[in-house]
Amino acid sequence: MPLLGAAAAAPASPLPAPAAAAAPATEAKPEAPRVELGGLVQVWWAGQQQSVEGDRDPTPSYFRVRRAELRARGEVVPGVASFGVMIDPARVVDSDPERVTMPDGTESTSRHSTLRTASVLQDAFVTFISPWVDVTAGQFKIPISWEGTQSSSKLLLPERASSSTTFGDRRDLGVKLTKCVVDREGSGCAASYWLALHSGERQGTSEELAGSARKDVALRLEGSPLPWLLVGAAALASVGERDAAGARDRAELDLRVTPGDAVLQTEWIEARDRVTSGGTTVWRRGRGFYVAAGYTLGGKVQPVVRVGRVDPDVDSDAPDAAGYGTGARASQQEAAWTAELGGSWLVRGDTAKLQLVAGRVVHAHAPARSQVIVAGQVAF
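In the numbering used here, the protein residues as written are 6 to 385.
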């Protein structure tokens with residue numbers, strides 16, 4: 006009995022606690038689109054002097070809004086899809102001094118307007134991103150001229166070298182495949198490629214909208230084995246209707262060395278253009294190069310020297326081989342040496358700076374020209 010009573014007195018084992026109810030699953034919210042606004046405003050004062058038959062023309066000077074870029078870019082679907090749009094109203098009409106003959110037979114320097122870009126639209130593209138390749142379609146820069154592919158806010162001098170603007174530094178509609186294939190983990194890209202197919206027509210023109218069977222295929226390869234060394238090569242060739250005027254070929258080599266506060270960069274471009282001369286269409290060979298060097302003192306002052314040469318027609322020394330007559334347009338089709346000395350006061354790096362450059366252009370036949378540019382820019 007005592008045993009039975011002891012058993013009765015033993016407490017019952019507790020029941021297990023009920024399991025906690027599982028929290029309802031919630032879907033992860035997609036990342037919000039990221040959009041960045043930016044721009045570049047650059048204002049010039051420029052003066053030119055042209056020597057004609059031993060005399061010096063009165064120096065024309067003018068103010069000019071050289072760049073007024075406004076851009077928006079970002080990722081609509083972060084890591085998957087991005088976009089970019091940029092306009093520049095300052096590029097609609099460019100004007101240059103030109104020596105002209107007046108009705109009474111006297112010569113004078115006046116300014117003429119040249120419609121160089123028919124639209125304020127510079128860039129407009131969409132990009133789809135993947136681990137292997139980024140696919141971009143729209144309007145963007147062609148990969149010819151390393152300096153031409155870089156932002157205008159980061160130029161060593163207010164304007165790009167003549168060889169860059171003659172044979173590259175332009176935009177076109179098309180599609181491109183790009184990727185940094187070797188990332189240096191925070192210190193830049195060690196190797197990249199850029200393969201593009203472009204319409205091959207002049208930007209913002211009726212020819213661009215009409216289209217043609219001719220297209221431009223371009224490839225740029227860049228390698229940076231060391232953080233301060235960049236080597237690059239690029240090529241472009243027209244495919245389809247290569248016998249028609251407007252077809253073009255380009256080949257380019259680039260080198261940029263940036264040890265410490267010093268910078269040395271150079272480009273060499275070989276070109277062929279299909280042009281009409283004397284009623285026949287022929288290939289015209291061109292060539293251009295430049296070498297630029299600079300050094301930043303105290304993080305604020307950067308003196309720069311640049312020397313270059315451009316020859317749009319290396320097979321002819323005639324002053325009017327391409328049928329451009331005389332004057333400003335003819336001088337643009339002649340071989341010319343350019344020497345420039347200038348520099349920048351880096352108020353806050355490339356974000357805010359003042360630039361000064363004095364240059365001398367010596368043409369094969371047209372009068373030599375001297376130019377001074379004072380530029381102020383703000384980039385954001």
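Using N, Cα and C, we set each Cβ at its ideal position, and we do this for glycine too.
Ile149 and Ala238 have their C-alpha atoms some 9 Å from each other.
Ser167 places its beta carbon 8 Å or farther from that of Pro232.
When the beta-carbon positions are compared, Pro163 and Trp49 come within less than 8 Å of each other.
Linking Val312 to Val367 through their CA atoms gives a straight-line distance of about 12 Å. Remark: C-beta atoms of Val377 and Gly52 approach each other more closely than 8 Å. For Ser168, the enclosing alpha helix (DSSP H) stretches over residues Ser167 to Phe172.
In chain order, Gln307, Pro308 and Val309 place their CB closer than 6 Å to the CB of Gly348, counting only its own chain and leaving out the 5 sequence neighbours on each side.
Taking a cut-off of 8 Å for Cβ pairs, the stretch 127–141 and the stretch 70–90 touch, as three or more such pairs fall below it. By the neighbour-count criterion, in which a residue is buried when 16 or more other Cβ atoms sit within 10 angstroms of its Cβ, Thr154 is buried. Spatial neighbours of Ala297 in its own chain (CB-CB distance under 6 Å, excluding positions within 5 residues in sequence) are listed in chain order as Leu161, Gln270 and Arg311.
Leu200 is the residue among Arg175, Arg176 and Leu200 whose C-alpha sits nearest the C-alpha of Lys184.
When the alpha-carbon of Pro65 is set against those of Ala380, Ala384, Gly381 and Arg374, the nearest one is in Arg374.
The beta carbons of Asp177 and Gln144 sit closer together than 8 Å. Closest in alpha carbon position to Arg175, among Leu182, Glu190 and Ser157, is Ser157. The beta carbon of Asp355 sits closer than 7 Å to the beta carbons of Ser158, Lys159 and Ala384 from its chain, once the five residues preceding and following it are set aside; these are given in chain order. Note: Lys181 is bridge-paired with Thr141 and Ala201 in the DSSP secondary-structure output.
Taken through DSSP and simplified to helix, strand or coil, Ala95 comes out as helix. Gly299 is not a Cβ neighbour of Leu351, given a cutoff of 8 Å.
The C-beta distance from Lys220 to Gly245 rounds to 6 Å, short enough to meet the 8 Å contact threshold. DSSP, read as helix, strand or coil, puts Thr281 in strand.
Taking Gly173 as the centre and dropping the five residues before and after it, the same chain places the C-beta of Ile149, Ser150 and Gly153 closer than 6 Å to its C-beta, in chain order.
According to DSSP, residue pairing for Arg353 in a beta bridge involves Asp355 and Ala357. Residue state for Glu36 is assigned as coil, using DSSP reduced to three classes. In this structure Glu345 is not in contact with Ala371, their Cβ atoms being roughly 18 Å apart against a cut-off of 8 Å.
Under the three-state reduction of DSSP output, Lys159 falls in the helix class.
The shortest C-alpha to C-alpha distance from Trp273 to any of Arg279, Phe294 and Arg261 is the one to Phe294. Cβ neighbours of Glu227 within its own chain (closer than 6 Å, five residues either side excluded): Ser197 and Gly237.
With 16 or more neighbouring CB atoms inside 10 Å of its own CB, Ala380 falls in the buried class. A direct Cα-to-Cα measurement between Lys146 and Arg277 gives close to 19 Å. Taking a C-beta distance under 8 Å as the contact criterion, Gly79 and Pro38 qualify as a contact pair. For Ala77 against Leu42, the beta-carbon gap comes to about 5 Å, under 8 Å, which counts as contact.
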